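Q:
Number of protein chains: 2
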Amino acid sequence: MTQLNPLNTLGLKQALQAIENHECTAPEIIAACYDRIEAREPEVGAWQYNLTREQYLQLYCSNQAFYEQSPLKGLPVGIKDIIDTADMPTEMGSPIHEGRQPVDDASCVALIRQAGGIVLGKTVTTEFAYFKPGKTANPRDLSRTPGGSSSGSAAAVADAMVPVSLGSQTAASVIRPAAYCGAVGYVGTRGTFSLRGVQPLAQSLDSLGLMARRVEDVALMRALLLRDSNPLEAAQMTRPKRVLLALGERIGETDSAMQEALAGLVQRMQEQGVEVVELGQGVRLDEMVAHHQSIMSYEVARNLAIESANPELLSEPLSELIENGLNLSREAYLRSLAIADATAESLWQPHQDADVILAPAAPGVAPEGHGKTGAPHMSRPWQAMGLPVVNVPGLEDEQGLPLGVQLIGRRQSDDTLLGYAGWLEKLMGSAA
Amino acid sequence: MTQLNPLNTLGLKQALQAIENHECTAPEIIAACYDRIEAREPEVGAWQYNLTREQYLQLYCSNQAFYEQSPLKGLPVGIKDIIDTADMPTEMGSPIHEGRQPVDDASCVALIRQAGGIVLGKTVTTEFAYFKPGKTANPRDLSRTPGGSSSGSAAAVADAMVPVSLGSQTAASVIRPAAYCGAVGYVGTRGTFSLRGVQPLAQSLDSLGLMARRVEDVALMRALLLRDSNPLEAAQMTRPKRVLLALGERIGETDSAMQEALAGLVQRMQEQGVEVVELGQGVRLDEMVAHHQSIMSYEVARNLAIESANPELLSEPLSELIENGLNLSREAYLRSLAIADATAESLWQPHQDADVILAPAAPGVAPEGHGKTGAPHMSRPWQAMGLPVVNVPGLEDEQGLPLGVQLIGRRQSDDTLLGYAGWLEKLMGSAA
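Chains A and B, in that order, give the protein sequences.
For what it's worth, the working numbering labels the leading residue of the first sequence as 25, then goes sequentially.
For what it's worth, the working numbering labels the leading residue of the second sequence as 25, then goes sequentially.
1. Does any C-beta atom of chain A lie closer than 8 Å to the C-beta of R220 of chain B?
2. Against chain A, with Cβ distances strictly below 8 Å, would I330 of chain B count as a contact?
3. Flag D128 of chain B as yes if its beta-carbon sits less than 8 Å from any beta-carbon of chain A, otherwise no.
4. Along the stretch 193-223 of chain B, where does the CB come closer than 8 Å to a CB of chain A? Name the residues.
5. Nearest to R60 of chain B by alpha carbon, out of B:K37, B:L75 and B:L31?
6. Return yes when at least one heavy atom of the ligand NAD lies under 7 Å from the C-beta of Y322 of chain B, else no.
7. Quick check: D105 of chain B and D128 of chain B, are their CB atoms within less than 8 Å of each other?
8. I'd like to know if M261 of chain A contacts chain B, where contact means its C-beta is closer than 8 Å to some C-beta of that chain.
9. Using the C-alpha atoms, what's the distance from A202 of chain B back to S280 of chain B?
10. Which of helix, strand or coil does DSSP assign to N351 of chain A?
11. Out of B:V301, B:A182, B:G410 and B:P391, state which residue places its alpha-carbon closest to the alpha-carbon of S437 of chain B.
12. In the DSSP assignment, what are the bridge partners of T109 of chain A?
13. Throw me the rounded Cβ distance for the L232 of chain B and L219 of chain B pair, which I believe falls under 8 Å.
14. Under DSSP, the alpha helix (DSSP H) around W447 of chain B begins and ends at which residues?
15. Measuring alpha carbon to alpha carbon, tell me which residue in A:L382, A:L425, A:E78 and A:Q41 is nearest L166 of chain A.
16. Across which residues does DSSP place K146 of chain B in a beta bridge pair?
17. How is V301 of chain A classed by DSSP in three states: helix, strand or coil?
18. Mind pulling the chain A residues with CB within less than 8 Å of L56 of chain B?
19. Considering only the alpha carbon of each residue, which of A:N334, A:V290 and A:E340 lies closest to I5 of chain A?
20. What residues are listed by DSSP as bridge partners for R266 of chain B?
21. Using C-beta distances below 7 Å, list every residue in its chain close to Y357 of chain B, excluding the 5 sequence neighbours before and after it, in chain order.
22. What does S228 of chain A reach in chain B if we use C-beta pairs closer than 8 Å?
23. Assign A236 of chain B to one of three DSSP states: helix, strand, or coil.
24. Alpha helix (DSSP H) containing N327 of chain B: first to last residue?
25. So with CB distances below 9 Å, who are the chain B contacts of Q125 of chain A?
26. Taking 8 Å as the cut-off, does the stretch 119-133 of chain B touch the stretch 327-338 of chain B (at least 3 CB pairs, one atom from each stretch)?
27. Give, in chain order, every residue of the stretch 232-252 of chain B whose Cβ lies closer than 8 Å to some Cβ of chain A.
28. Identify each residue in the stretch 128-147 of chain A for which the Cβ-Cβ distance to at least one residue of chain B is less than 7 Å, and report them in chain order.
29. Mind pulling the chain B residues with CB within less than 7 Å of A356 of chain A?
30. Report yes if the C-beta distance between V101 of chain A and V186 of chain A is below 8 Å; otherwise report no.
31. Only counting the same chain, and skipping five residues up and downstream in sequence, which positions put a Cβ closer than 8 Å to that of K396 of chain B?
32. Give me the chain A residues within the contact set of Q436 of chain B, using Cβ-Cβ distance strictly less than 7 Å, ordered along the chain.
33. Quick one: give me the first and last residue of the beta strand (DSSP E) that Q193 of chain B is part of.
34. Can you grab the Cα-Cα spacing for the pair E115 of chain A / R124 of chain A, in whole Å?
35. I'd like to know whether the C-beta of A408 of chain A is nearer than 8 Å to at least one C-beta of chain B.
36. Could you check what DSSP says for S177 of chain A in three-state terms: helix, strand or coil?
Okay, here's the thing in structure tokens:
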């Protein structure tokens, strides 16, 4: 990764501290981010729409006193183009919504602006946050997919164009691109954040997602979005005592690079005194993948009502998903919902005292090519259960490409989960 | 109720059958609805925005062949002004959003249009579906409140201006106005319907609501919104075997008229062979009211992010709600969520074989005056638990004002619940 100016590589919290300590100014960091974008955007293609450097600085200068006193100091944030912005189009990766200009900011966008964050631009999403890719390439190897659907949000953060971004996840749309690009990706317990203005796909699965280069930065953004009174104090690093291991083959295919890297990580965790036990054999993660697919197809077929009326403008995978959803009986859908809900409770048996689950975040490194965004099955089970998840970067294959691992927590244990993620990040040496 | 033309008083399903049987035409029914609106709207004030008769007919005639073949035949629907419409403003009862024109239809609106329903207009909502009333009066007694927040949707249906309408409920916003105006109001199990384009207040509580004059009509609309392949076959009438009675005083204040009417109804049910037992004393419905308030205030404070930035344009009750939400600890909020969730399961103890819960839908008849919309506590417990609920009209006080009772079902038992509601409606003689 060529660094034109190291200021763009600072994490959000690091940047805020550097500004606080007068080591640099917000405009200097902003300039470094724009230098990076100008150098890399033609190849990476993370942005669907973005402010020019001049527009950004004009915005900053028009209200400089406010930004200087604000928690986020006027630093840039990337917003997935499935999230409404009142000052920029929100096209959802679909020709149906070309030039679509929402009237309101999503609540998450409004809260970021109120905290002094500036929306630098809208990041590329796949078509309606489903399969059909946008223009983004993987910044770690341009010949590979960045993963989807929050492709641009992951690429922009991993490539140090912005310190943080918002994404969304219905299947694997935050965790997978974070894993492939080498970013921290966090998906909250279902229902954690306001989804007002975040275009829905499937109401039982949709979650807002946060991406950054450091765990402490997603913790900070989480606290801001929850209107926590002391957002900068979020996230304590904590070593878990007992970790449940969900091996990739329990869920679906994983490759040998991932298996070896995960085995190596488990060994390092054990050396640190962490007890690692395998997730109970009674938990059928493979079946949870199928239940997730059922829930998603049923709900997408009802949520995408406007778009169903324009079938000629939908991609084949999306038309197929809607078709599947219309053919699925309501009974089968409700059964899948009920099983997912029950499994979220029984998951921890027979190891009720376990702190967290560890699993591969993707089958391996990002696949080559840009026609597909990789397989989503490693995320489907947890997403069906509405659990909080963090992708922690740091593992790599022999070529130096990122291999993501995810930590999964109990519902509403998000703060604790981020503490474990911070510990794991340090163990893997991924936070400088 | 003065009837200018009886066609406007037909239920939706009755109207569709009359058209099918060539007893009347859709334009004749539409004309009768407009006659009614012209006669009554100056006093009732159900509409925030509506098509003129000419605009409506132009829309109908421009695509007559489609409407004639469609399930809803071009009949009119009222849409609460908290639900986005691409061709009409959506102002949410707030000066902050005066003239606000959404770019997209909500999914529920799109599905209704695709089924051949025509949006006649937007019905009056209280400010952001909370307390501050709009201009609507109770059509059964103009000196009284119609209830809120779906005030216009209840009044328009109860006054036979339209056969069906959409509302939304976060606390009591469908059940209470339906009870006060004498309409059927249905709130689905949490998560049943797509809320895309329905402006959210509190994600753990918000539900779409359906209003009509007959239970079979809300069942039909439910089936349409779920893209059921045979929507006209929805709703079977079923007598419940065992009913759990939740007396009003278990929840909060109820008046003597309601208590007497409910006692009379219970007696009639028992005469029909229904076993009526009291809800287990272990269930603290009064505490559920408080948990609902906590959940609502916490989430509203995050959802209304745009509006929080305009505090001078918010009503006092709403400002207070947001303030309460900001002062509530996340721990207290999560505890309320967890208790509501657990109670939804334990509610049926020790009567696991009971079919349904019967409770007053409001403390009594609609209060006099237009400054407030009445007390919401009779709905808060069920809404906190995400249960499906139907207000069944038919009971009246000595002056002939409506006294609503509600049936409450288990999560995802909506179809069965509507069957019981149909039976109760017949018992009370409220469906002609």
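For each residue, glycine too, the CB sits at the ideal point set by N, CA and C.
Every value quoted in this text rests on a predicted model; they were computed, and no experiment measured them.
A: With the structure as the only source:
1. The sequence position of residue 220 of chain B within the second sequence is 196, counting from 1. Chain A contact via Cβ: present.
2. Taking the second sequence and counting its residues from 1, one reaches residue 330 of chain B at position 306. It does: the Cβ of I330 of chain B has a partner Cβ on chain A nearer than 8 Å.
3. Translated into positions along the second sequence, residue 128 of chain B becomes position 104. D128 of chain B counts as touching chain A.
4. G215, F217, S218, L219, R220 and Q223
5. For the purposes of this step, residue 60 of chain B is taken as the residue at position 36 of the second sequence. Taking only the C-alpha atoms, the option nearest R60 of chain B is B:L31.
6. With respect to the ligand NAD, the structure shown offers nothing to examine, as it has no ligands at all.
7. Numbered from its first residue, the second sequence carries residue 105 of chain B at position 81. Numbered from its first residue, the second sequence carries residue 128 of chain B at position 104. No, these two residues do not count as a Cβ contact at 8 Å.
8. The residue you call residue 261 of chain A lines up with position 237 of the first sequence. Closer than 8 Å: no.
9. For the purposes of this step, residue 280 of chain B is taken as residue 256 along the second sequence, with counting starting at 1. For the purposes of this step, residue 202 of chain B is taken as residue 178 along the second sequence, with counting starting at 1. Approximately 20 Å, taken between the alpha carbons.
10. By 1-based counting over the first sequence, the position of residue 351 of chain A is 327. Residue state, collapsed to three classes: helix.
11. On the second sequence, position 413 is the one that residue 437 of chain B refers to. Measuring from the Cα of S437 of chain B, the nearest candidate turns out to be B:G410.
12. As a first step, residue 109 of chain A must be located in the first sequence, where it is residue number 85. Beta-bridge pairing links T109 of chain A to A:M112.
13. Looking up residue 232 of chain B in the second sequence gives position 208. Looking up residue 219 of chain B in the second sequence gives position 195. Right, their Cβ atoms sit about 6 Å apart.
14. Within the second sequence, residue 447 of chain B is the residue found at index 423, counting from 1. Looking at the DSSP string, the run of the alpha helix (DSSP H) that includes W447 of chain B is D438 to L451.
15. As a working note, residue 166 of chain A is residue 142 in the first sequence. Considering only alpha carbons, the answer is A:L425.
16. By one-based count along the second sequence, residue 146 of chain B stands at place 122. DSSP lists B:Y73 and B:I103 as partners of K146 of chain B.
17. Within the first sequence, the letter at position 277 stands for residue 301 of chain A. Strand at V301 of chain A.
18. As a working mapping, residue 56 of chain B is identified with position 32 in the second sequence. The question names Leu, but residue 56 of chain B is Ala in the sequence shown. Per Cβ cutoff of 8 Å: no residues; A56 of chain B is ~29 Å from chain A at best.
19. Nothing can be reported for residue 5 of chain A: it is not among the residues displayed for chain A, which extend from 25 to 456.
20. Numbered from its first residue, the second sequence carries residue 266 of chain B at position 242. According to DSSP, R266 of chain B bridges with B:E299.
21. Reading the second sequence from its first residue, position 333 is the one you call residue 357 of chain B. Contacts found: S318, I319 and Y322.
22. Taking the first residue of the first sequence as 1, we reach residue 228 of chain A at position 204. Near S228 of chain A (Cβ distances below 8 Å), the residues of chain B are G215.
23. Along the second sequence, one-based indexing puts residue 236 of chain B at 212. A236 of chain B falls in the strand class under three-state DSSP.
24. Looking up residue 327 of chain B in the second sequence gives position 303. Looking at the DSSP string, the run of the alpha helix (DSSP H) that includes N327 of chain B is L309 to N327.
25. To locate residue 125 of chain A, count along the first sequence from 1; it is residue 101. Neighbours of Q125 of chain A on chain B, chain order: V127.
26. yes
27. L249, L250, R251 and D252
28. D128, D129, S131, A134, L135 and Q138
29. Taking the first sequence and counting its residues from 1, one reaches residue 356 of chain A at position 332. Simply none; closest approach about 13 Å.
30. Position 77 of the first sequence, counted from the first residue, corresponds to residue 101 of chain A. Position 162 of the first sequence, counted from the first residue, corresponds to residue 186 of chain A. Yes, they are a contact pair.
31. Taking the second sequence and counting its residues from 1, the one referred to as residue 396 of chain B is at position 372. The answer, listed in chain order, is F155, P157 and T169.
32. Position 412 of the second sequence, counted from the first residue, corresponds to residue 436 of chain B. Within chain A, the residues near Q436 of chain B are L358.
33. For the purposes of this step, residue 193 of chain B is taken as the residue at position 169 of the second sequence. Run containing Q193 of chain B: V188 to Q193, per the beta strand (DSSP E) assignment.
34. The count along the first sequence starts at 1 and reaches residue 115 of chain A at position 91. The count along the first sequence starts at 1 and reaches residue 124 of chain A at position 100. If I take the Cα positions, the gap works out to 6 Å.
35. Locating residue 408 of chain A in the first sequence gives position 384, where the first residue counts as 1. For A408 of chain A, the answer is no, since every Cβ of chain B falls outside 8 Å of its Cβ.
36. As a position in the first sequence, residue 177 of chain A is number 153, starting the count at 1. Here S177 of chain A sits in helix by DSSP.
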